[in-house]
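Student:
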Amino acid sequence: MMKLQKSLEQILFGTSLEDKLIDLESLDASEEIKLSKEIKHPGRSREISFSEKQIKFPKVSSFHLDEKKALAMHFFANHELLAVEMMTAALLMFPDLGETNRKSLITTIKEEQKHFNLYISRMNKFGVSFGDYPLNDFFWRQFLSVKTAQEFYALVALTFESANLDFALYYQDVFKKVEDTDSAKIMGIVLEDEIKHVSRGRSYLASSCGAKDLWDYYISLLPEKVTPARGKGIVFFPETRIKAGLSPEFVEKQKNYKDSFKITSRKGWD
Ligand SMILES: [Fe+2]
Ligand SMILES: [Fe+2]
């Protein structure tokens, strides 16, 4: 088996954090990839396995407590790890992405690994390890309905990572208010990278959207249970989307999108 596929399979099917965080630096993105087994769920050792148990994201009013900050970091880190796994799965599932798209997706995965490490080292300072709290698999369950690369970018880049633009900026401010500059700095790094990630998804979809309106195309690609409301946080920051190259028209439609989904009026992280 070629090195690219071997590395991707180690990330996805390997069960330890070391497997998930391997260095992707020297990979040849032109190598052939053949899916060797069905993708059902990522490999996860017992310490970092998914849990049915629901826990609540800490309230902003409790962020002066290290313990609550660590819990927030734990949620964020889980999303980074899921991003690594979903993106790796996409590379294995869509062998026709082409070398350029593969390269940019590999760069994105490396940045998600970096985000994961930043959150982990910060919460370790607060005495918390990854896996100390239950880990949910919401993103992964939605990801399983993805059938094409277009659907993947619509769900992951223009929805999950789009919401992360709002969360990163919002919680950067929350950390600043409790004078936790180190944590605020991490949110700033994540925000800058996520702008690039949303932009990469936008550019992939724009190239396959033809004469259609990008917003309509985007909506048509979302899984049944996911609406564009999932692509927004507690407060909507249009300027981050503009930086990601989305048109003012697209951003306006996203901003005004409303459905019965509670998240549009959410008071906290979900
Ligand atoms: Fe990230
Ligand atoms: Fe990302």
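For reference, each letter of the sequence shown is one residue, going 1 to 270 in our numbering.
Glycine included, each C-beta is placed from N, C-alpha and C at the ideal position.
(1) Look up Leu-135 in the DSSP assignment and give the residues it is bridged to.
(2) Identify whether Arg-44 lies in helix, strand or coil by the three-state DSSP scheme.
(3) Taking the CB atoms as reference points, tell me whether Ser-45 and Thr-15 lie closer together than 7 Å.
(4) Of the residues Asn-117, Leu-165, Asn-101, Lys-212, which one's Cα is nearest the Cα of Asp-28?
(5) Is His-115 near ligand 1, judged by its Cβ being under 6 Å from some heavy atom?
(6) Tell me where the alpha helix (DSSP H) around Arg-230 begins and ends.
(7) Considering just the uninterrupted stretch of the alpha helix (DSSP H) at His-74, what are its terminal residues?
(8) With a threshold of 6 Å (Cβ to nearest heavy atom), would His-79 be considered close to ligand 2?
(9) Looking at Leu-246: is its Cβ nearer than 7 Å to the Cβ of Arg-202?
(10) Please report the Cβ distance between Phe-94 and Val-174, rounded to the nearest whole angstrom; I am assuming they are in contact, meaning their Cβ atoms lie under 8 Å.
(11) Would you mind sorting Asn-256 into buried or exposed? The rule is 16 or more other CB atoms within 10 Å of its CB.
(12) Give the secondary structure of Phe-175 by DSSP, where H, G and I count as helix, E and B as strand, and everything else as coil.
(13) With DSSP collapsed to three states, give me the class of Thr-264.
(14) Taking 6 Å as the limit between beta carbons, can you name the residues of its chain near Tyr-217, skipping five residues before and five after?
Tutor: Looking at the coordinates:
(1) For the purposes of this step, residue 135 is identified with residue 135 of the sequence shown, where counting begins at 1. Looking at the DSSP assignment, Leu-135 forms a beta bridge with Phe-50.
(2) To locate residue 44, count along the sequence shown from 1; it is residue 44. The answer is coil: DSSP assigns Arg-44 none of H, G, I, E or B.
(3) In the sequence shown, counting from the first residue as 1, residue 45 sits at position 45. In the sequence shown, counting from the first residue as 1, residue 15 sits at position 15. Contact flag set, yes.
(4) Taking the sequence shown and counting its residues from 1, one reaches residue 28 at position 28. Checking every option, the nearest Cα to that of Asp-28 belongs to Asn-101.
(5) Sequence index remark: in the sequence shown, residue 115 carries index 115 (1-based). Yes; taking the cut-off as 6 Å, the Cβ of His-115 has a heavy atom of ligand 1 nearer than that.
(6) Within the sequence shown, numbered from 1, the residue matching residue 230 stands at position 230. Premise fails: Arg-230 is in no alpha helix (DSSP H) and is neither H nor E.
(7) Position 74 of the sequence shown, counted from the first residue, corresponds to residue 74. Start and end: 66-93.
(8) Your numbering for residue 79 matches position 79 in the sequence shown. Outside the cutoff, so no.
(9) In the sequence shown, residue 246 corresponds to position 246, counting from 1. In the sequence shown, residue 202 corresponds to position 202, counting from 1. In contact: Leu-246 and Arg-202 (Cβ atoms closer than 7 Å).
(10) Translated into positions along the sequence shown, residue 94 becomes position 94. Translated into positions along the sequence shown, residue 174 becomes position 174. Phe-94 to Val-174, Cβ: 37 Å. No contact.
(11) What you label residue 256 is simply residue 256 of the sequence shown in a count that begins at 1. The residue in question, Asn-256, is exposed, as its Cβ has fewer than 16 Cβ neighbours within 10 Å.
(12) In the sequence shown, the residue the question calls residue 175 occupies position 175. Looking at Phe-175 - three-state DSSP - the assignment turns out to be helix.
(13) Position 264 of the sequence shown holds residue 264. Because Thr-264 sits at a pLDDT of 47, beneath the cut-off of 50, its placement in the model cannot be relied upon, and the point is left open.
(14) Taking the first residue of the sequence shown as position 1, residue 217 is located at position 217. Cβ neighbours of Tyr-217 beyond the five flanking positions: Cys-209.
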